[in-house]
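Here is the structure we will look at, set down as structure tokens.
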Amino acid sequence: DAGVTQSPTHLIKTRGQHVTLRCSPISGHKSVSWYQQVLGQGPQFIFQYYEKEERGRGNFPDRFSARQFPNYSSELNVNALLLGDSALYLCASSLALSTQLYGYTFGSGTRLTVV
Amino acid sequence: GQQLNQSPQSMFIQEGEDVSMNCTSSSIFNTWLWYKQEPGEGPVLLIALYKAGELTSNGRLTAQFGITRKDSFLNISASIPSDVGIYFCAGQNTGNQFYFGTGTSLTVIP
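As they're listed, the protein sequences go chains A and B. Heads up, this note's numbering is the position in the first sequence plus 7, with the first residue counted as 1. Heads up, this note's numbering is the position in the second sequence plus 205, with the first residue counted as 1.
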């Protein structure tokens, strides 16, 4: 069984551009969460989606948005990129709307570099 | 936002030595978790703790949920080279929000 898959694995964008990151959860998992991990720090929660609805949002500006599709895959969109958006973006999936972080499996992430 | 402080920030130890790291918070958590992250990978769950005072083991790993609910520690016994990585604590508060610590980088010298 495939784990959580994220694409692309690496990405370089320039300031002001827009980026879309994609995540496919483990088969049968209906909940997806997104995290930002800046180099040298722990992951920070951005969004949680379950059954195509947003169920949680972290302390990130409106430039960050996401959605979940009927097949439970998800996209994270970031507009008007800033240098500070450079980070590893992690997707995590779980079987249900888990309120316990231990229920989540993380993907390997997308490394975004903004220049 | 919520800060979880981990210490030490990095450790360099000889193979076979025991390791101890801890995590402290300014507020109470209902759940404490410990993750390991290797280069190019996402975090992998090691141990989950659900109530104050709980002591849980997973092989050579042992973790405890502090009585005050504001701290947790992780011990690794008889370290081996494959223990190398960054260890993160994570906590879940009463509002079901999740926070990760700043990480402890572990290097094991054969």
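Each residue gets a CB set at the ideal place from its N, CA and C atoms; glycine is no exception.
Verify whether the separation of the beta carbon atoms of Ala-283(B) and Arg-265(B) is less than 8 Å.
-> By 1-based counting over the second sequence, the position of residue 283(B) is 78. By 1-based counting over the second sequence, the position of residue 265(B) is 60. The Cβ atoms of Ala-283(B) and Arg-265(B) lie closer than 8 Å to each other.
Among Arg-74(A), Tyr-79(A) and Leu-90(A), which residue has its Cα nearest to the Cα of Ser-101(A)?
-> Within the first sequence, numbered from 1, the residue matching residue 101(A) stands at position 94. Looking from the CA of Ser-101(A), the closest CA among Arg-74(A), Tyr-79(A) and Leu-90(A) belongs to Tyr-79(A).
CB contact below 8 Å: Pro-248(B) versus chain A | Counted from its first residue, the second sequence places residue 248(B) at position 43. Yes, contact with chain A.
By the criterion of Cβ-Cβ separation under 8 Å, what are the contact partners of Phe-52(A) in chain B?
-> Along the first sequence, one-based indexing puts residue 52(A) at 45. Going along chain B in sequence order, the residues near Phe-52(A) (Cβ under 8 Å) are Gln-302, Phe-303 and Tyr-304.
Which chain B residues sit within Cβ distance under 8 Å of Ser-115(A)?
-> Along the first sequence, read from residue 1 onward, the residue named residue 115(A) stands at position 108. Taking a Cβ-Cβ cut-off of 8 Å, the neighbours of Ser-115(A) in chain B comprise Gly-245, Glu-246 and Gly-247, given in sequence order.
With respect to the beta strand (DSSP E) encompassing Asp-288(B), which residues constitute its N-terminal and C-terminal limits?
-> The count along the second sequence starts at 1 and reaches residue 288(B) at position 83. Unbroken run through Asp-288(B): none, as it is neither H nor E.
Under 8 Å, do Gly-245(B) and Ala-257(B) count as touching if we go by C-beta distance?
-> In the second sequence, the residue the question calls residue 245(B) occupies position 40. In the second sequence, the residue the question calls residue 257(B) occupies position 52. Against a cut-off of 8 Å, the Cβ pair of Ala-257(B) and Gly-245(B) comes out as no contact.
Residues of chain B with CB under 7 Å from Leu-97(A), in chain order?
-> The residue given as residue 97(A) occupies position 90 in the first sequence. Gly-247, listed in chain order.
Taking all protein chains shown into account, do 16 or more other C-beta atoms lie within 10 angstroms of the C-beta of Arg-70(A), making it buried, or fewer, making it exposed?
-> Locating residue 70(A) in the first sequence gives position 63, where the first residue counts as 1. Classification for Arg-70(A): exposed.
Using a Cβ-Cβ distance under 8 Å, would Phe-293(B) count as near chain A?
-> Taking the first residue of the second sequence as 1, we reach residue 293(B) at position 88. For Phe-293(B), the answer is yes, since a Cβ of chain A falls inside 8 Å of its Cβ.
Rounded to whole angstroms, what's the CA-CA distance from Gln-242(B) to Thr-267(B)? Just pull it up for me.
-> Taking the second sequence and counting its residues from 1, one reaches residue 242(B) at position 37. Taking the second sequence and counting its residues from 1, one reaches residue 267(B) at position 62. Across the structure, Gln-242(B) and Thr-267(B) are spaced so that their CA atoms are roughly 17 Å apart.
May I ask which residues mark the beginning and end of the beta strand (DSSP E) holding His-17(A)?
-> Locating residue 17(A) in the first sequence gives position 10, where the first residue counts as 1. Note, His-17(A): beta strand (DSSP E), 17-20.
Taking the alpha carbon of Ser-81(A) as the point to measure from, which residue in Pro-50(A), Ser-40(A) and Val-45(A) has its own alpha carbon closest?
-> Looking up residue 81(A) in the first sequence gives position 74. For Ser-81(A), the closest alpha carbon among the candidates Pro-50(A), Ser-40(A) and Val-45(A) is that of Ser-40(A).
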